[in-house]
Amino acid sequence: MNILFVTPAVPFPTTDGARLVVAQLARELSKRHSLYLATFAASEANDAELARYFAKRCLVPRTVVPKWRKWAASLFDELPLAVRACDSDALRAAIRELVAREKIDLVHLDTGLMAPYIKCVTPLPTLLAPHDCLTHALLQARARAPSALERTAARLQAPKMRRYEASAYARATRIVVVSEREKQLVQELDPTLCARVIANGVDTDYFAPRPELEKEFQIGFHGVMNYVPNQAAALYFARQVMPLVWDKLPQATFTIIGRDPSRAVRALGRDSRIRVTGTVADVRPHLAASSVMVVPMLDAGGIKSKMLEAMAMGKAVVASPEAADGIDARAGEDFVAARDAGEFARVCVNLLGDSTERVRFEKNARAWALQHTWTNTAREYEKLYCEAMTLETRKE
Numbered sequence: 016m017n018i019l020f021v022t023p024a025v026p027f028p029t030t031d032g033a034r035l036v037v038a039q040l041a042r043e044l045s046k047r048h049s050l051y052l053a054t055f056a057a058s059e060a061n062d063a064e065l066a067r068y069f070a071k072r073c074l075v076p077r078t079v080v081p082k083w084r085k086w087a088a089s090l091f092d093e094l095p096l097a098v099r100a101c102d103s104d105a106l107r108a109a110i111r112e113l114v115a116r117e118k119i120d121l122v123h124l125d126t127g128l129m130a131p132y133i134k135c136v137t138p139l140p141t142l143l144a145p146h147d148c149l150t151h152a153l154l155q156a157r158a159r160a161p162s163a164l165e166r167t168a169a170r171l172q173a174p175k176m177r178r179y180e181a182s183a184y185a186r187a188t189r190i191v192v193v194s195e196r197e198k199q200l201v202q203e204l205d206p207t208l209c210a211r212v213i214a215n216g217v218d219t220d221y222f223a224p225r226p227e228l229e230k231e232f233q234i235g236f237h238g239v240m241n242y243v244p245n246q247a248a249a250l251y252f253a254r255q256v257m258p259l260v261w262d263k264l265p266q267a268t269f270t271i272i273g274r275d276p277s278r279a280v281r282a283l284g285r286d287s288r289i290r291v292t293g294t295v296a297d298v299r300p301h302l303a304a305s306s307v308m309v310v311p312m313l314d315a316g317g318i319k320s321k322m323l324e325a326m327a328m329g330k331a332v333v334a335s336p337e338a339a340d341g342i343d344a345r346a347g348e349d350f351v352a353a354r355d356a357g358e359f360a361r362v363c364v365n366l367l368g369d370s371t372e373r374v375r376f377e378k379n380a381r382a383w384a385l386q387h388t389w390t391n392t393a394r395e396y397e398k399l400y401c402e403a404m405t406l407e408t409r410k411e
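Here the sequence shown is numbered in our numbering, starting from 16 and rising by one per residue.
Structure representation (structure tokens):
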């Protein structure tokens, strides 16, 4: 099968969750199919990795517009700002060229931002992978973004995104989201949509246990720190949970692992017991160093790859119900659920002080992860590709 991926960013390096999905699918699918890529050029692009998995790549320059001009234009634009930022005549031309020259069988459009490009590949079968509901993400940002400016921006953009998602996704042959919760949110915008759920996997070879690096009494949290839900989670845990932990374990430390921390997150590092790493070359040693990993998300949305990766590394994970949404691991067996600051603190203190219980969760977490690899996830996508192709053939 010849599959064209249309993405808003180069998948390598895998610096965030959206890129991770395309990168891992490319590694698996390229073993059995010919893959092609149309996306925006970026200085950080790993050309060697791209060439390894994609038979041909078309990377077009992204138009750079000053922020003030973007916002001024968006006041009169029916499209959400994030969607308009991905709108490119050059990318349309690249897509059309690849379709014409490479005998493309199916087009995989990654994230809901790329839905407008469905028009330029019709009548080819298309799979749109929004991953999660963009409208819901903006509503979360409206409530929890750290700055008033960010909250105002989200408030202005949310209605536009709602209208966009309600109309643009219906053009796709098939739609994929990562959890039943995201399926429900997307279908609330357009009840006629038939979204399918394919959960993310985890690379259990790359994220493997390294118990020799573990530091006693260290609690860790991992995530891209310019993402509002991650910022909110880090601030919540540092300000509301850690003081309760220190009441019982004064020697406990909290490490926040992830690139682009906001000013508020960086300020947490003024406390000597809290470390904010910023960008790291390899997150694995930092994950391995933590005795307990926490995922204290305050809102549901998407699949938390950070939780899957911690479990793959055999860490005892404490997660909020929102973080575990869409993950079929067993609370109380594969990870520990915590619903509020007091429960987070109590569970973390218990795990840090009880190595037998901690090891039990570590073993169960690793065993669960081994059953949820990207190989299995890629097979589910392949089934849906075939279904989409069959459906379009019947239409003809």
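Glycine is no exception: its CB is placed at the ideal position from the N, C-alpha and C atoms.
* Tell me the DSSP bridge mates of His-237? -> Counting from one through the sequence shown, the residue named residue 237 turns up at place 222. Paired residue(s): Ile-272.
* Between the region 134-152 and the region 100-111, do at least 3 Cβ pairs fall closer than 8 Å? -> yes
* **Which of helix, strand or coil DSSP assigns to Pro-206** => In the sequence shown, the residue the question calls residue 206 occupies position 191. Coil, per DSSP.
* To do: Mark Asp-125 as exposed unless 16 or more other C-beta atoms lie within 10 angstroms of its C-beta, in which case mark it buried.
  => Residue mapping note: residue 125 aligns to position 110 of the sequence shown, counting from 1. That one is buried.
* Under the rule that 16 or more other beta-carbon atoms within 10 Å means buried, what is Phe-91, buried or exposed? -> Taking the first residue of the sequence shown as 1, we reach residue 91 at position 76. Classification of Phe-91: exposed, given that the 10 Å Cβ count is below 16.
* **Nearest candidate by alpha-carbon position, reference Glu-227, set Ser-305, Leu-94, Ala-183 and Ala-53** => The count along the sequence shown starts at 1 and reaches residue 227 at position 212. For the residues Ser-305, Leu-94, Ala-183 and Ala-53, the minimum Cα distance to Glu-227 belongs to Ser-305.
* **Inter-stretch contact (C-beta, 8 Å, three-pair minimum) for the region 366-384 and the region 34-45** => no
* Asked: Helix, strand or coil: which one does DSSP assign to Pro-138?
  -> As a working note, residue 138 is residue 123 in the sequence shown. If DSSP states are grouped into helix, strand and coil, Pro-138 belongs with coil.
* Spatial neighbours of Glu-411 in its chain, beta-carbon cut-off 8 Å, leaving aside the 5 residues before and after -> Taking the first residue of the sequence shown as 1, we reach residue 411 at position 396. For Glu-411, the predicted structure reports a pLDDT of 48, less than 50, and the residue's modelled location is therefore unreliable. The matter cannot be settled from this model.
* Asked: Expressed to the nearest angstrom, what Euclidean distance is found between the alpha-carbon atoms of Ala-352 and Ala-70?
  -> Sequence index remark: in the sequence shown, residue 352 carries index 337 (1-based). Sequence index remark: in the sequence shown, residue 70 carries index 55 (1-based). In a straight line, the C-alpha of Ala-352 is about 44 Å away from that of Ala-70.
* Asked: Quick one: what does DSSP say Lys-71 is sitting in, helix, strand or coil?
  -> Start at 1 with the first residue of the sequence shown, and residue 71 comes out as number 56. Note: Lys-71 maps to strand in three-state DSSP.
* CA-to-CA distance, Val-307 to Pro-224, given in whole angstroms -> Within the sequence shown, the letter at position 209 stands for residue 224. Within the sequence shown, the letter at position 292 stands for residue 307. Roughly 13 Å between the two C-alpha positions.
* Cβ neighbour criterion (16 or more within 10 Å) applied to Glu-324 -> Residue numbering aside, residue 324 sits at position 309 when the sequence shown is read from its first letter. It counts as buried.
* To do: Say whether the region 239-250 touches the region 153-161, bearing in mind that this needs 3 or more beta-carbon pairs closer than 8 Å, one atom from each stretch.
  => yes
* Among the residues of its own chain, which have a CB less than 7 Å from the CB of Arg-178, if the five just before and after it don't count? -> Counting from 1 along the sequence shown, the entry for residue 178 is found at position 163. If we look at Arg-178 and ignore the five residues flanking it on each side, it has no Cβ neighbours.
* Asked: Is it the case that the Cβ atoms of Pro-311 and Val-291 are separated by a distance below 7 Å?
  -> Working through the sequence shown from its first residue, we reach residue 311 at position 296. Working through the sequence shown from its first residue, we reach residue 291 at position 276. No.
* Asked: Do Pro-76 and Ala-60 have their C-beta atoms closer together than 7 Å?
  -> Here residue 76 refers to the residue found at position 61 when the sequence shown is read from its first residue. Here residue 60 refers to the residue found at position 45 when the sequence shown is read from its first residue. No, the Cβ-Cβ distance between Pro-76 and Ala-60 is not below 7 Å.
* Asked: According to the neighbour-count rule (16 or more other Cβ atoms, all chains shown, within 10 Å of its Cβ), is Leu-406 buried or exposed?
  -> As a first step, residue 406 is located in the sequence shown; it is residue number 391 there, counting from the start. Exposed, since its Cβ has fewer than 16 Cβ neighbours within 10 Å.
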